[in-house]
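These notes are about the structure you will find just below.
Protein chains in written order, with the working numbering: chain A, 1 to 436; chain B, 1001 to 1173.
Shown next, in the form of structure tokens:
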């Protein structure tokens, strides 16, 4: 069976001003071949590839500028400190923050959530707190990173957790929001689901949370890399995201918080850098944001993240978002046309409310369900890289009634040929597991 | 798609489509053990009934997961049913040894290697793996070894008299 063509131009793909071929050429890894096949990288929601400019910036830093930060008075150390703090300023600008003092560098988005749970959470949500609002409201579609830190707080302090449900299309059900917010001190919500692709109405939720006396933490791991981000427009109090999903290196993530909140929070990890003074009978915590950055920070990684921010800003996040919206529309149309009932795709059908991830389950030509791991294995032999598993969202998997799904995810270097390669490879899987 | 047929051999696909010994057993006399592979969400529930003469009198499995985990479980139940506990343990050891060999250019080569490695001298030669050799292709896919060994680890746990029920994770292949 030959794949059916879908008119990409009619769907607007390629009309967004991103020259995908030129962008892809910036990413050295995309030139790899797998068993003679072109590498079709459809796992950017797990981690994106890196442009040459990011790789070069980190190499150049190590070759010319490396020393520890905030310590030395010599030239190289001053330059390293300037590069590190300049990265902080660049990140603040990228997310519309009023200044760099609200930007804390962490290991990743996961550590950023843990930081908030262990500091602000322990301070404000414990039974000993004088605050009236001590419950945490999360959603059924959260990644484990925005679930387990709060569950640990529940285990340790008895904090009550509540969960906003989702409907069958993968949208949050908000009709009961005001009632569920009663007594809630913090709302944790993902801006974009890593499984369903759902783009959540963060502003609406944050406004309702504020009206109920709660603060809002937004998991931006799947939104900040893919669409314009403005923390003032989002109306949130905390925003977390990871560098490695937005063309930057692994090993560094970001917690942004309103400065007055950061000021009120106790230190997280203890050590060098996070103190103003240490005596044998006590210590004085540092100013924000350094209060939350114990030990030597990921300096080269900050330099790499800064280069990633520059790369994304040069392309324009509006255009990145438009490209992915058009491409996911092309993918939904192409996969439906070619695989129809054999393929169950999760998440909203409206691409205006959906990011560039397509999670699905698949049946072979004879109607046998093909396990996502087997599917991913067959696709790999065609050079097609997709994620298979629970995507660190096991409660969501249970809600969807599946143990695992396959997931293709797009980024600024993905194009219609990648979608076509996925569709073709699925025919091979269909045949293999049908036993034909 | 050279190589894929080596992983997904017809006998494996057959066990996947038509798993043997699927179901549940009464506990007691059977022991019930659960196995999870957190990576891909594979779940195996294994029921093993060991009789007074230390034989695997009956075995059943339920659960769901990928082709490799489910067919390996099905083949395992078929292979150990009716055998002595000692034989089941030796078969498990031989099966795991097969998967720890990275170079599987030929199955016969892998089996030759088995004779020389991993078996103590006071044991008899490793048992013939028979149909289980079809799973040797998994050895070249490190991520999938956990899928293939999930049910075998559950079996070992079930055979351990100190732990009649419990859960195992595919932590060590």
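Where is the CB? At the ideal position from N, CA and C, for every residue including glycine.
Every value quoted in this text rests on a predicted model; they were computed, and no experiment measured them.
{"Item": "Any C-beta of chain A under 9 angstroms from that of residue 1131 (chain B)", "Value": "no"}
{"Item": "Start-to-end residues for the beta strand (DSSP E) that takes in residue 1049 (chain B)", "Value": "1042-1050"}
{"Item": "Chain A contact residues for residue 1043 (chain B), given Cβ-Cβ distances below 8 angstroms", "Value": "403"}
{"Item": "is_contact[residue 374 (chain A), chain E] using C-beta, thresh 9 angstroms", "Value": "The question asks about chain E, but that chain is absent: this structure's protein chains are A and B."}
{"Item": "Contact check, residue 254 (chain A) vs residue 239 (chain A), beta carbons under 9 angstroms", "Value": "yes"}
{"Item": "Distance between residue 121 (chain A) and residue 155 (chain A) (C-alpha atoms, nearest Å)", "Value": "13 angstroms"}
{"Item": "The stretch 97-117 of chain A contacting the stretch 255-270 of chain A, beta-carbon criterion three pairs below 8 angstroms", "Value": "yes"}
{"Item": "Entirely enclosed alpha helix (DSSP H) segments - the stretch 213-275 of chain A, minimum 4 residues", "Value": "231-234 and 259-264"}
{"Item": "CB contact check: residue 151 (chain A) to chain B, cutoff 9 angstroms", "Value": "no"}
{"Item": "Contact belief for residue 364 (chain A) with residue 423 (chain A) at Cβ below 8 angstroms, rounded distance in angstroms", "Value": "That pair is no contact at about 15 angstroms."}
{"Item": "Separation of residue 434 (chain A) from residue 492 (chain A), as counted between CA atoms", "Value": "Since the displayed chain A opens at 1 and closes at 436, residue 492 (chain A) lies outside it and no answer follows."}
{"Item": "Interface residues of chain A facing residue 1065 (chain B) [CB-CB closer than 9 angstroms]", "Value": "371, 373, 403 and 404"}
{"Item": "Meets three-Cβ-pair contact criterion under 8 angstroms: the stretch 199-207 of chain A and the stretch 284-304 of chain A", "Value": "no"}
{"Item": "Selection from B:1095, B:1129, B:1141 and B:1138 that minimises the alpha carbon distance to residue 1152 (chain B)", "Value": "B:1095"}
{"Item": "Proximity below 9 angstroms, CB of residue 96 (chain A) to CB of residue 231 (chain A)", "Value": "yes"}
{"Item": "Any 3 or more C-beta pairs closer than 8 angstroms across the stretch 361-379 of chain A and the stretch 45-62 of chain A", "Value": "no"}
{"Item": "Own chain, CB closer than 6 angstroms to residue 425 (chain A), minus 5 neighbours either side, in chain order", "Value": "379, 382 and 384"}
{"Item": "Residue burial classification, residue 281 (chain A) (beta-carbon count within 10 angstroms, cutoff 16)", "Value": "exposed"}
{"Item": "Identity of the residues DSSP links to residue 338 (chain A) by a beta bridge", "Value": "In DSSP, residue 338 (chain A) forms no bridge with anything."}
{"Item": "Neighbour list for residue 195 (chain A) in chain B, Cβ cutoff strictly below 9 angstroms", "Value": "In chain order: nothing, as chain B lies at least about 13 angstroms away."}
{"Item": "C-alpha gap between residue 1148 (chain B) and residue 1011 (chain B), whole angstroms", "Value": "14 angstroms"}
{"Item": "Environment of residue 1068 (chain B) [buried if 16+ CB atoms lie within 10 Å]", "Value": "buried"}
{"Item": "Contact set between residue 432 (chain A) and chain B, taken where Cβ atoms lie within less than 9 angstroms", "Value": "1001, 1004, 1005, 1008 and 1013"}
{"Item": "Paired residues, beta bridge with residue 344 (chain A) - DSSP", "Value": "A:361"}
{"Item": "Residues in the stretch 1016-1034 of chain B having any Cβ partner in chain A nearer than 9 angstroms", "Value": "1016 and 1017"}
{"Item": "Check whether residue 502 (chain A) and residue 396 (chain A) have beta carbons under 9 angstroms apart", "Value": "What the structure shows of chain A is the stretch from 1 to 436, and residue 502 (chain A) is not part of that stretch, so it cannot be assessed."}
{"Item": "Residues near residue 311 (chain A) in its chain [Cβ-Cβ closer than 8 angstroms; skip 5 each side]", "Value": "26, 51, 53, 54 and 247"}
{"Item": "Supposed close pair residue 1150 (chain B), residue 1088 (chain B) - CB separation, criterion 8 angstroms", "Value": "About 16 angstroms separates the two Cβ atoms, so there is no contact after all."}
{"Item": "Contact with chain A by residue 1068 (chain B), beta-carbon distance below 9 angstroms", "Value": "yes"}
{"Item": "Test: residue 1153 (chain B) CB closer than 9 angstroms to a CB of chain A", "Value": "no"}
{"Item": "CB contact check: residue 1104 (chain B) to chain A, cutoff 9 angstroms", "Value": "Confidence at residue 1104 (chain B) is low in this model, with a pLDDT of 39, below 50, so its placement is unreliable and no value can be given for it."}
{"Item": "Per DSSP, cross-strand counterpart(s) of residue 285 (chain A)", "Value": "A:275"}
{"Item": "Whether residue 178 (chain A) touches residue 212 (chain A) by CB criterion (9 angstroms)", "Value": "yes"}
{"Item": "Exposure label - residue 346 (chain A); buried when at least 16 CB within 10 Å", "Value": "buried"}
{"Item": "Those residues which DSSP pairs with residue 43 (chain A) across a bridge", "Value": "A:409"}
{"Item": "Residue 369 (chain A) vs residue 245 (chain A) beta-carbon contact at 9 angstroms", "Value": "no"}
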